[in-house]
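*Asks:* The structure under discussion is supplied below as structure tokens; questions concerning it will follow.
Protein chains: 2
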Amino acid sequence: MKEVEVKCPATVANLVCGFDILGMALQEPYDLMKLRLIDEPKVYITNKDEYDLPTEAEKNVAGVVLLAIMEKMDNKFGFEVEIEKHIKPGSGLGSSAASAAGAAVAANQLLGNIFSNDDLVQFAMFGEKLASGVKHADNITPCIMGGVTLIRSIHPLDIIQLNSPPLFVTVVHPQIEVKTSDARQILRKEVLLKDAIKQWGNIAGLVAGFEKGDTDLIGRSLEDVIIEPVRSILIPGFDEIKTRSKEAGALGGGISGSGPSIFMLSTKETTAKNVEAIMQEVFHRLGIDYKTYVTSIAKNGVEVITGQ
Amino acid sequence: MKEVEVKCPATVANLVCGFDILGMALQEPYDLMKLRLIDEPKVYITNKDEYDLPTEAEKNVAGVVLLAIMEKMDNKFGFEVEIEKHIKPGSGLGSSAASAAGAAVAANQLLGNIFSNDDLVQFAMFGEKLASGVKHADNITPCIMGGVTLIRSIHPLDIIQLNSPPLFVTVVHPQIEVKTSDARQILRKEVLLKDAIKQWGNIAGLVAGFEKGDTDLIGRSLEDVIIEPVRSILIPGFDEIKTRSKEAGALGGGISGSGPSIFMLSTKETTAKNVEAIMQEVFHRLGIDYKTYVTSIAKNGVEVITGQ
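As given, the protein sequences belong to chains A and B, one line each in that order.
Numbering (the numbering used here) for the first sequence: 1 to 308.
Numbering (the numbering used here) for the second sequence: 1 to 308.
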């Protein structure tokens with residue numbers, strides 16, 4: 001029986017100023033997923049983790065992606081799936097994207113790599129739609145392609161891989177719940193033109209900074225005048241962590257996706273570790289459970305580890 | 001007596017989606033300006049063109065820039081200026097920026113290049129403030145630095161030179177009046193978040209396209225969902241020119257600055273000339289006088305041609 005195992009990286013969507021368009025893949029944490037092709041046109045899901053996610057295909061992020069692929073191929077086959085999640089659902093680290101992108105890439109591998117990256121992003125968006133109600137691609141795209149990615153447009157889909165200097169990423173996931181749908185609802189439908197202009201100056205600076213490998217420019221551009229001022233209210237300790245991390249030498253950072261995780265970028269591993277200590281100290285003091293990671297930008301997206 | 005002569009290029013601000021942050025210098029048209037240092041702390045201006053611009057220093061774009069530089073240097077000297085404008089005022093091609101940036105660069109040359117590019121942009125913004133009521137730098141910056149430039153932020157000033165592939169630029173200046181101040185007033189103060197997201201996707205795509213030298217990506221990103229739909233109403237023939245230019249192979253384009261000039265980018269000179277013919281045909285049919293240029297992105301900004 002044909003089987004593949006894939007490693008599905010966590011991702012940071014938005015990258016502070018790039019709401020809905022920018023994303024970045026991380027070395028850690030990551031999910032593992034095994035996929036087997038079966039003759040029966042069904043999807044059987046087994047959870048190998050503690051999260052007790054639904055195993056009915058129609059209610060499972062990986063499941064709906066596989067159903068979409070099966071439908072595209074006239075339901076001539078099905079899949080058995082084992083999912084071992086390490087990216088906690090609701091962390092803001094692209095947990096659903098890892099399942100959706102992992103399923104799409106693993107299925108494609110089993111089928112002889114017949115689909116393009118654009119196709120895989122389209123399939124994986126069915127999973128995001130199930131998870132958050134919105135077909136967004138800012139976690140899926142870096143999860144599939146690795147590195148730092150730009151979604152210029154969803155209709156039509158236009159995804160661009162950006163260059164990136166090697167950077168360390170410190171992440172803290174405070175164990176509080178912020179639902180993506182809630183985090184979207186608190187945003188205003190209209191923004192001031194003058195704020196939008198500031199935002200696109202920073203986005204342009206951030207893209208130029210990544211392309212040029214100019215880490216100072218990346219740092220100066222990590223400023224969000226539209227989304228962060230609203231969403232950061234939902235995350236205790238946010239302002240203190242951001243201020244102290246920058247004082248400790250981090251380039252900058254902010255909310256990962258719709259939160260509650262916070263990420264900070266640094267050029268040096270020692271800085272990234274000092275930032276971790278700050279994050280730990282703040283959430284310890286606040287009495288909020290947390291998990292931290294000191295990692296780096298992943299060059300690769302979903303990786304096939306066996307069954308190549 | 002110390003004298004310098006400078007060549008001050010026309011510029012295209014905004015570059016379609018990059019309202020207030022992006023700009024580009026052109027090979028043509030350009031102004032010429034001669035500047036002489038004098039002992040008396042005054043500015044004497046002579047016009048060598050047909051435009052009859054004010055010669056009182058306080059009312060002249062170059063004049064106010066020179067007064068600002070003199071004040072910075074404790075009014076220990078003054079300037080004689082001869083201005084030969086070829087960039088028509090009110091064309092949307094950075095006529096005031098050419099005078100302001102030209103005066104700043106020429107004065108700096110006479111003073112032994114004591115000021116940085118940032119200083120020169122700051123001085124030249126006094127000229128833009130006089131011309132349009134707003135201290136904007138999206139024409140001044142490319143006029144001083146050449147090529148394609150990004151203003152990430154005005155406060156504090158943060159200017160970044162972008163890479164750019166060699167591109168041909170076709171420009172038409174229909175001889176109708178669109179005042180920068182009017183063109184600003186018709187803009188809404190608020191924009192929909194969903195439109196802002198589309199816009200920053202395009203800006204990110206445009207910056208990535210310039211940095212990567214990806215002309216297709218530049219073309220796809222030359223889309224403005226916020227400013228152009230409002231401002232283009234002021235320019236007869238705009239939609240037809242844009243549609244037909246793209247059909248003829250142009251990458252794309254739009255309003256130059258606040259108009260009324262329209263610019264189109266092409267990778268080939270033959271395409272740029274075909275675009276010119278389309279522009280000529282449209283404005284001829286509309287019975288509007290016009291002037292066209294087939295030129296290219298200027299690598300250099302204001303150039304000192306004598307007195308180096």
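Just so you know, even glycine gets a beta-carbon here, dropped at the ideal spot from N, CA and C.
Please report how far the alpha carbon of THR306(A) lies from the alpha carbon of ILE159(A), in whole angstroms.
*Replies:* Here the question's residue 306(A) lines up with position 306 in the first sequence. Here the question's residue 159(A) lines up with position 159 in the first sequence. Using only the alpha carbons, I get a separation of about 27 Å.
*Asks:* Give me the Cα-Cα distance between PRO166(A) and ASN274(B), rounded to the nearest whole angstrom.
*Replies:* As a first step, residue 166(A) is located in the first sequence; it is residue number 166 there, counting from the start. As a first step, residue 274(B) is located in the second sequence; it is residue number 274 there, counting from the start. Cα to Cα, the separation comes out at about 45 Å.
*Asks:* Of the residues that make up the stretch 169-200 of chain B, which ones have a beta carbon closer than 9 Å to any beta carbon in chain A?
*Replies:* Listed in sequence order: LEU187, ARG188, LYS189, GLU190, VAL191, LEU192, LEU193, LYS194, ASP195, ALA196, ILE197, LYS198, GLN199 and TRP200.
*Asks:* Could you list which residues in chain B have their beta carbon closer than 9 Å to that of ASP158(A), in chain order?
*Replies:* In the first sequence, counting from the first residue as 1, residue 158(A) sits at position 158. Those are GLY201, GLY205, LEU217, ARG220 and SER221, listed as they occur along chain B.
*Asks:* Which residue's Cα is closest to the Cα of LYS129(A): THR270(A), ASN60(A), LEU234(A) and GLU3(A)?
*Replies:* Working through the first sequence from its first residue, we reach residue 129(A) at position 129. Here the closest residue by C-alpha is ASN60(A).
*Asks:* Whole angstroms is fine: what's the gap from ASP195(A)'s alpha carbon to LYS189(B)'s?
*Replies:* As a working mapping, residue 195(A) is identified with position 195 in the first sequence. As a working mapping, residue 189(B) is identified with position 189 in the second sequence. Taking the straight line joining both Cα atoms gives about 10 Å.
*Asks:* At 9 Å on the CB atoms, spell out the chain B contacts of ARG244(A), in chain order.
*Replies:* By 1-based counting over the first sequence, the position of residue 244(A) is 244. Per Cβ cutoff of 9 Å: no residues; ARG244(A) is ~22 Å from chain B at best.
*Asks:* So what does DSSP say about LYS212(A), is it helix, strand or coil?
*Replies:* As a first step, residue 212(A) is located in the first sequence; it is residue number 212 there, counting from the start. In this structure, LYS212(A) counts as helix in the three-state DSSP scheme.
*Asks:* Please classify MET73(B) as buried or exposed, where buried requires at least 16 neighbouring CB atoms within 10 angstroms.
*Replies:* In the second sequence, the residue the question calls residue 73(B) occupies position 73. Result: exposed.
*Asks:* Output, in chain order, the set of chain B residues within a Cβ distance shorter than 7 Å of LEU150(A).
*Replies:* Within the first sequence, numbered from 1, the residue matching residue 150(A) stands at position 150. Under the 7 Å cutoff, chain B gives ALA204, GLY205 and ALA208.
*Asks:* Relative to the alpha-carbon of VAL169(A), which residue among LEU111(A), ASP182(A), GLN27(A) and ASN300(A) has its alpha-carbon at the smallest distance?
*Replies:* In the first sequence, counting from the first residue as 1, residue 169(A) sits at position 169. Among LEU111(A), ASP182(A), GLN27(A) and ASN300(A), the Cα nearest to that of VAL169(A) is on GLN27(A).
*Asks:* Quick one: which residues of the stretch 7-28 of chain A get their C-beta closer than 9 Å to a C-beta of chain B? List them in chain order.
*Replies:* So the close ones are CYS17, GLY18, PHE19, ASP20, ILE21 and LEU22.
*Asks:* On a CA-only basis, which of PRO236(A), GLU58(A) and LYS268(A) is nearest GLY249(A)? Give me that one, please.
*Replies:* Taking the first sequence and counting its residues from 1, one reaches residue 249(A) at position 249. Comparing Cα positions, the closest option is LYS268(A).
*Asks:* CB-CB under 8 Å to THR271(B), same chain, minus the five flanking residues each way: which ones, in chain order?
*Replies:* Translated into the one-based positions of the second sequence, residue 271(B) becomes position 271. Here the set comprises PHE168, ALA248, GLY249 and ALA250.
*Asks:* Tell me HIS173(B)'s beta-bridge partners as DSSP assigns them.
*Replies:* In the second sequence, residue 173(B) corresponds to position 173, counting from 1. The partner list for HIS173(B) (beta bridge, DSSP) reads LYS291(B).
*Asks:* Rounded C-beta distance between VAL16(B) and GLY254(B)? I'm assuming under 8 Å.
*Replies:* As a working note, residue 16(B) is residue 16 in the second sequence. As a working note, residue 254(B) is residue 254 in the second sequence. Yes, they are in contact, since the Cβ atoms of VAL16(B) and GLY254(B) sit about 4 Å apart, within 8 Å.
*Asks:* Would you list, in sequence order, the uninterrupted alpha helix (DSSP H) runs of no fewer than 4 residues that lie entirely inside the stretch 58-129 of chain A?
*Replies:* 61-72 and 95-110, all fully within the stretch 58-129 of chain A.
*Asks:* Decide yes or no for the touch test of the stretch 133-146 of chain B against the stretch 93-102 of chain B: beta carbon pairs closer than 8 Å, at least 3 of them.
*Replies:* Yes: at least three Cβ pairs fall under 8 Å.
*Asks:* Do LYS76(B) and PRO41(B) have their beta-carbon atoms positioned less than 8 Å apart in this structure?
*Replies:* Within the second sequence, numbered from 1, the residue matching residue 41(B) stands at position 41. Within the second sequence, numbered from 1, the residue matching residue 76(B) stands at position 76. Contact flag set, yes.
*Asks:* According to DSSP, is SER232(B) helix, strand or coil?
*Replies:* Here the question's residue 232(B) lines up with position 232 in the second sequence. Residue state, collapsed to three classes: helix.
*Asks:* Quick one: what does DSSP say LEU247(B) is sitting in, helix, strand or coil?
*Replies:* As a working note, residue 247(B) is residue 247 in the second sequence. Note that residue 247(B) is Glu in the sequence shown, not Leu. DSSP places GLU247(B) in helix when its eight states are reduced to three.
*Asks:* Apart from the five residues on each side of it in sequence, which residues of its chain come closer than 6 Å, Cβ to Cβ, to ALA313(B)?
*Replies:* The structure shown does not extend to residue 313(B), since chain B is modelled only from 1 through 308, so no value can be given for it.
*Asks:* Work out the CA separation of VAL12(B) and ALA107(B) for me, nearest whole Å.
*Replies:* Within the second sequence, numbered from 1, the residue matching residue 107(B) stands at position 107. Within the second sequence, numbered from 1, the residue matching residue 12(B) stands at position 12. Their backbone Cα atoms lie some 24 Å apart in a straight line.
*Asks:* Three-state secondary structure (DSSP) at VAL282(A)?
*Replies:* Working through the first sequence from its first residue, we reach residue 282(A) at position 282. Looking at VAL282(A) - three-state DSSP - the assignment turns out to be helix.
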